[in-house]
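Have a look at the structure below before the remarks.
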Amino acid sequence: GGYEPRLFWRRAFAFWLDLLIAYLVVGILFAAVDAAAGTSLGDSSLVSGSECNPAPASHPQVARVEKMWPLPGGWQRENTVCQHGGGGKESWTFTTRVRWKEGSINYSKELTYDIDKSGNALPMEYAPDFRPFAILLLFVVFAADRWRSPGKSITGLRIMTVDGGQLGWQRAFLREALKLSPLLTFGGITIWAALAPPVILTDSEVSLVAMRDGFLVSPQMLFLYAFCVGSSVWWFGPFIVWRGRTWYDAFAGSKVVRTDRTPTS
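Using our numbering, the first residue of the sequence shown is number 5, and each one after it goes up by one.
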């Protein structure tokens, strides 16, 4: 007893709406900067397209993966070549996808890696994603000042200190950095992968051997799955085991309240 209401659906809707708007705004801004300055601040898919086709049997990588990763009977392989970008910035990737069935369960493995125009394997390269850090700044501004984010304005929510005051810049930065820590961690991983990635993320031969000998999915997908699970626990865990506030609100000395006049349940 004595706990403030979760306001889960309001808070969830406000958060995802704010995150969608922030990603769109920052993505468009970064795409414009990347196009003008030739940098790579975020997701290049906003400014480049991809065309994918089945890899012909004569493709160099088809023979390579067949030799390195022969399939047992009943397994199926699908190979795809994709061309990305346009103008003078074209790049190519090769994807090999394996499917098989055990009993009534279907399994699959997939690996994508960089190739050149002639089809030769290249070391895989990763671009850092700085968008989470720009999004953090937007969230801090909306939390610290007298403004409200679009999501919180629509849902009638406001962030304040536990005694009802304005949050201020220091508390707002602490709160939003903790709340967005999964995204900031992902951004940090992209920077690490761009600067000093382990060989399993860059050498297609090492990745193929790893998948052939035990990985159910590619190493890149394992990172993605771990990120999704960790993010879900971080964001939804406090609402499952409710103690009146989320842990980032507890650390920052803040709370989220309703400002409309509709009675809370």
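A virtual CB, placed ideally from N, CA and C, is assigned to each residue, including glycine.
Sequence-distant partners of Thr206 (beyond 5 residues in either direction) whose C-beta falls short of 7 Å from its own C-beta, in its chain, are Pro127 and Met128.
Taken through DSSP and simplified to helix, strand or coil, Asp167 comes out as coil.
Around the beta carbon of Glu180, 16 or more other beta carbons sit within 10 angstroms, so the residue counts as buried. Along the length of the segment 97-156, whole alpha helix (DSSP H) runs at least 4 residues long occupy 135-148, reported in chain order. Counting the other CB atoms within 10 Å of its CB gives Tyr7 a total below 16, which places it among the exposed residues.
Less than 8 Å separates the beta-carbon of Gly46 from that of Arg135. Here Ala256 is near Leu182, since their CB atoms are less than 8 Å apart. In the three-state scheme derived from DSSP, where H, G and I count as helix and E and B as strand, Thr84 is classed as strand. Annotation: the segment 220-253 contains the following complete segments of the alpha helix (DSSP H) (minimum length 4 residues), in chain order: 223-244. Less than 8 Å divides the Cβ of Ser258 from the Cβ of Ile163. Counting along the chain, no alpha helix (DSSP H) covers Arg10, and no H or E run does either. Judged by DSSP in its simplified three-state form, Glu180 adopts helix. Note that the C-beta distance between Arg216 and Trp73 is below 8 Å.
Per DSSP, the beta bridge partners of Ser54 are His88. DSSP, reduced to helix, strand and coil, places Leu161 within a strand of the structure shown. Under the three-state reduction of DSSP, Lys71 is assigned to helix. Note that the segment 25-40 does not touch the segment 164-180; fewer than 3 beta-carbon pairs, one per stretch, sit closer than 8 Å.
Only exposed fits Arg247, as fewer than 16 other CB atoms lie within 10 angstroms of its CB. When the five nearest sequence neighbours on each side are left out, the beta carbons in the same chain lying within less than 8 Å of the beta carbon of Val210 are those of Val203 and Ile204, in order along the chain.
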